[in-house]
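Residue numbers (UniProt numbering): 1 to 445.
See the structure below:
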């Protein structure tokens with residue numbers, strides 16, 4: 001379900017002094033083609049910043065929407081224009097002092113993946129001048145400017161201008177929304193396979209998964225994750241029929257990092273892609289449109305999806321993104337009835353895109369390979385279920401509460417509880433939690 005624009009969270013927080021009109025001017029000038037202009041000068045007439053972070057949330061970046069009026073000098077004459085941009089000011093984790101792959105993703109990987117997909121006939125990935133920007137497909141917001149030094153900042157196009165909007169996390173995605181995301185994820189993964197083929201050295205520079213060596217308990221992520229697991233275990237212990245599952249959860253909490261490192265060993269992967277890394281509803285925007293049909297009744301359907309935030313991107317099994325998405329973003333009802341159908345939809349689109357990129361049949365992953373990769377990384381689904389889903393479903397009220405109260409509210413969320421009941425039962429029955437219990441230990445289906 002799409003979230004209305006009117007409900008987008010904003011705060012009165014002002015940007016730091018280094019994010020100002022002059023900074024925006026420099027970003028705009030980086031995207032002026034010198035061959036068309038006498039100089040690359042832009043004059044910013046007005047620049048108003050609006051913080052669009054959810055107040056009190058566990059944000060890894062401060063986000064600002066910049067409303068810009070400017071003059072662009074073309075052939076020596078000023079031409080008035082206006083635009084909105086998103087400025088992302090990354091919050092560094094003082095405990096870990098780690099960097100991410102996001103800079104190299106925006107500077108090198110994503111632009112080349114866009115070019116790769118644009119070469120497939122009929123895919124409409126935004127390079128054809130005869131295709132309206134609001135009709136073309138996109139995978140991500142174009143980056144006008146980025147830097148990493150004392151600080152890390154990205155200036156991005158505002159996808160709201162292209163009619164993309166946020167999803168409503170409280171209900172989970174319906175079948176059609178889930179399918180459009182699965183199609184775009186397949187395109188992202190297929191393009192990444194071609195990228196790694198064309199630019200092996202570029203792919204080699206990407207850092208491993210942020211989880212590859214476990215989660216530091218003192219990091220922002222670690223404090224949130226382990227506190228979240230403790231809250232989830234306390235809650236599940238109160239549920240009838242979940243005694244064996246909650247006992248397994250306690251064991252795995254003590255051995256969580258060891259299990260993570262085992263699951264994410266790249267040498268075990270049979271089908272590597274560049275993963276998004278955190279494919280939750282908060283990192284997905286959907287564009288709606290009128291259904292293509294001769295039916296006189298107007299039917300609004302999802303037409304495209306784009307992905308935000310590439311801080312957690314890495315080379316690894318496709319099963320990582322698929323498990324995170326399924327366990328955090330899709331509604332329980334859709335998962336119960338259509339989980340296999342969604343995986344098949346992803347696989348069919350992946351094959352179609354790879355064939356469009358001239359891959360031959362022997363080079364294509366098999367359906368069984370895909371299923372094996374998803375199964376091998378089901379423990380990532382467990383991590384997503386306990387740590388990412390509650391954060392994704394946290395509403396504005398919960399985000400402004402105190403630390404302990406906020407965690408309690410996160411796990412009392414109706415969707416979180418429904419997904420935990422479904423997901424933990426499924427994981428236990430698959431043996432992912434090594435939950436060998438008596439039949440009476442399983443909750444009713």
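A virtual CB, placed ideally from N, CA and C, is assigned to each residue, including glycine.
Being a predicted model, the structure only gives us computed values, none of them experimental.
task: Take residue 137 and list the residues in its own chain whose beta-carbon comes closer than 7 Å to its own, dropping the five residues that flank it on each side.
output: The residue labelled residue 137 in the question sits at position 137 within the chain shown. Correct list, in chain order: 123, 124, 125, 126, 304.
Start and end residues, beta strand (DSSP E) containing residue 448: There is no way to answer for residue 448, as the model of the chain reaches only from 1 to 445.
- prompt: Thinking just about the alpha-carbon of each residue, which of 116, 273, 351, 231 is nearest to the one in residue 387?
  reply: Locating residue 387 in the chain shown gives position 387, where the first residue counts as 1. Closest option to residue 387, Cα to Cα, is 231.
query: Thinking C-beta only, is residue 313 closer than 8 Å to residue 274?
result: For this step, residue 274 is matched to residue 274 along the chain shown. For this step, residue 313 is matched to residue 313 along the chain shown. Their beta carbons are under 8 Å apart, which means residue 274 touches residue 313 by this criterion.
query: How many whole angstroms separate the CB atoms of residue 106 and residue 310, which I take to be in contact at a CB cut-off of 8 Å?
result: Taking the first residue of the chain shown as position 1, residue 106 is located at position 106. Taking the first residue of the chain shown as position 1, residue 310 is located at position 310. With 8 Å as the limit, residue 106 and residue 310 qualify as a contact, their Cβ atoms being about 7 Å apart.
- prompt: DSSP three-state call for residue 312: helix, strand or coil?
  reply: As a first step, residue 312 must be located in the chain shown, where it is residue number 312. Coil, per DSSP.
- request: Measure from the alpha carbon of residue 411 to the alpha carbon of each residue in 13, 223, 234, 182, then state which is nearest.
  value: In the chain shown, residue 411 corresponds to position 411, counting from 1. Of 13, 223, 234, 182, the residue nearest in Cα terms is 234.
query: On the three-pair Cβ rule with 8 Å, is the stretch 104-120 touching the stretch 45-54?
result: no
- prompt: What's the gap between the Cα of residue 351 and the Cα of residue 307?
  reply: The sequence position of residue 351 within the chain shown is 351, counting from 1. The sequence position of residue 307 within the chain shown is 307, counting from 1. Residue 351 and residue 307: Cα-Cα distance of roughly 21 Å.
- prompt: Which parts of the stretch 201-286 are runs of the alpha helix (DSSP H), unbroken and 4 residues or longer, counting only runs that do not cross its ends?
  reply: 220-236, 243-254, 256-263
- prompt: If we call anything under 8 Å between Cβ atoms a contact, is residue 156 one with residue 251?
  reply: Within the chain shown, the letter at position 156 stands for residue 156. Within the chain shown, the letter at position 251 stands for residue 251. No, these two residues do not count as a Cβ contact at 8 Å.
Where residue 34 falls, given that 16 or more other Cβ within 10 Å makes a residue buried: Indexing the chain shown from 1 puts residue 34 at position 34. Any reading at residue 34 needs caution, since the residue's pLDDT is 48, under 50, leaving its predicted position unreliable; the model's value is listed next. Flag for residue 34 reads exposed.
- prompt: Is there at least one Cβ from chain B nearer than 8 Å to residue 251's Cβ?
  reply: Chain labels in this structure do not include chain B; a single protein chain is all it has.
Exposure label - residue 151; buried when at least 16 CB within 10 Å: Mapped onto the chain shown, residue 151 falls at position 151. Exposed is the call here.
message: By the DSSP assignment, the beta strand (DSSP E) with residue 154 in it spans what residues?
response: The count along the chain shown starts at 1 and reaches residue 154 at position 154. Where residue 154 is concerned, the enclosing beta strand (DSSP E) stretches over 152-157.
field: residue 318 vs residue 364 beta-carbon contact at 8 Å
entry: On the chain shown, residue 318 is found 318 positions in, with the first residue counted as 1. On the chain shown, residue 364 is found 364 positions in, with the first residue counted as 1. No. Outside cutoff.
- prompt: Opposite residue 304 in the DSSP bridges: which residues?
  reply: Taking the chain shown and counting its residues from 1, one reaches residue 304 at position 304. In DSSP, residue 304 forms a bridge with 287.
message: Quick check: the Cα distance between residue 207 and residue 90, rounded to an integer number of angstroms?
response: One-based indexing of the chain shown puts residue 207 at position 207. One-based indexing of the chain shown puts residue 90 at position 90. Roughly 18 Å between the two C-alpha positions.
At least 3 beta-carbon pairs within less than 8 Å: the stretch 324-333 vs the stretch 271-287: yes
- prompt: For residue 259, which of 135, 389, 377 has the nearest alpha-carbon?
  reply: Sequence index remark: in the chain shown, residue 259 carries index 259 (1-based). Ranking the options by Cα distance to residue 259, first place goes to 377.
- request: For residue 176, count neighbouring Cβ atoms within 10 angstroms of its own Cβ and tell me buried if that reaches 16, exposed if not.
  value: Taking the chain shown and counting its residues from 1, the one referred to as residue 176 is at position 176. When all chains shown are included, residue 176 counts as exposed.
- prompt: For residue 329, which of 347, 14, 384 has the nearest alpha-carbon?
  reply: As a position in the chain shown, residue 329 is number 329, starting the count at 1. Checking every option, the nearest Cα to that of residue 329 belongs to 384.
- request: Indicate the three-state DSSP secondary structure (helix, strand or coil) for residue 179 in the structure shown.
  value: Here residue 179 corresponds to residue number 179 of the chain shown, with the count starting at 1. Helix, per DSSP.
- prompt: How is residue 372 classed by DSSP in three states: helix, strand or coil?
  reply: Here residue 372 corresponds to residue number 372 of the chain shown, with the count starting at 1. Residue 372 falls in the helix class under three-state DSSP.
Buried versus exposed call for residue 290 [16 or more other C-beta atoms within 10 Å across all chains shown]: By 1-based counting over the chain shown, the position of residue 290 is 290. Residue 290 should be labelled exposed.
query: Hey, would you say residue 264 sits closer than 8 Å to residue 204, going by beta carbons?
result: Against the chain shown, residue 264 aligns to sequence position 264. Against the chain shown, residue 204 aligns to sequence position 204. No, the Cβ-Cβ distance between residue 264 and residue 204 is not below 8 Å.
message: Closest to residue 332 by C-alpha separation, out of 101, 170, 21, 92, would be which residue?
response: Here residue 332 refers to the residue found at position 332 of the chain shown. Of the candidates 101, 170, 21, 92, the one whose C-alpha sits nearest the C-alpha of residue 332 is 170.
query: In whole angstroms, what separates the C-alpha of residue 168 from that of residue 434?
result: What you label residue 168 is simply residue 168 of the chain shown in a count that begins at 1. What you label residue 434 is simply residue 434 of the chain shown in a count that begins at 1. The straight-line gap from Cα to Cα measures roughly 34 Å.
- request: Would you mind working out which of 149, 21, 161 sits nearest residue 42, comparing C-alpha positions?
  value: To locate residue 42, count along the chain shown from 1; it is residue 42. Of 149, 21, 161, the residue nearest in Cα terms is 21.
Integer-rounded CB distance, given that residue 68 should sit under 8 Å from residue 24: Start at 1 with the first residue of the chain shown, and residue 24 comes out as number 24. Start at 1 with the first residue of the chain shown, and residue 68 comes out as number 68. Yes, they are in contact, since the Cβ atoms of residue 24 and residue 68 sit about 6 Å apart, within 8 Å.
message: Less than 8 Å between the C-beta atoms of residue 346 and residue 196, yes or no?
response: For the purposes of this step, residue 346 is taken as the residue at position 346 of the chain shown. For the purposes of this step, residue 196 is taken as the residue at position 196 of the chain shown. Their beta carbons are not under 8 Å apart, which means residue 346 does not touch residue 196 by this criterion.
- prompt: In angstroms, rounded to a whole number, what distance separates the CA positions of residue 121 and residue 243?
  reply: What you label residue 121 is simply residue 121 of the chain shown in a count that begins at 1. What you label residue 243 is simply residue 243 of the chain shown in a count that begins at 1. Going from the Cα of residue 121 to the Cα of residue 243 covers about 54 Å.
- prompt: What residue from 362, 381, 73 has the CA that sits closest to residue 430's CA?
  reply: Stepping through the chain shown from its first residue, residue 430 is reached at position 430. Comparing Cα-Cα distances from residue 430 to each of 362, 381, 73, the minimum goes to 381.
- request: With hydrogens ignored, establish whether the beta-carbon of residue 250 is closer than 7 Å to any heavy atom of the ligand SAH.
  value: Looking at this structure, you won't find the ligand SAH or any other ligand, since it has none at all.
- request: Can you tell me which of 13, 340, 373 puts its alpha carbon nearest to the alpha carbon of residue 179?
  value: Counting from one through the chain shown, the residue named residue 179 turns up at place 179. Nearest of 13, 340, 373 to residue 179, Cα basis: 340.
query: Going by the beta-carbon positions, is the gap between residue 422 and residue 343 smaller than 8 Å?
result: Locating residue 422 in the chain shown gives position 422, where the first residue counts as 1. Locating residue 343 in the chain shown gives position 343, where the first residue counts as 1. In this structure, residue 343 does not lie closer than 8 Å to residue 422 by Cβ.
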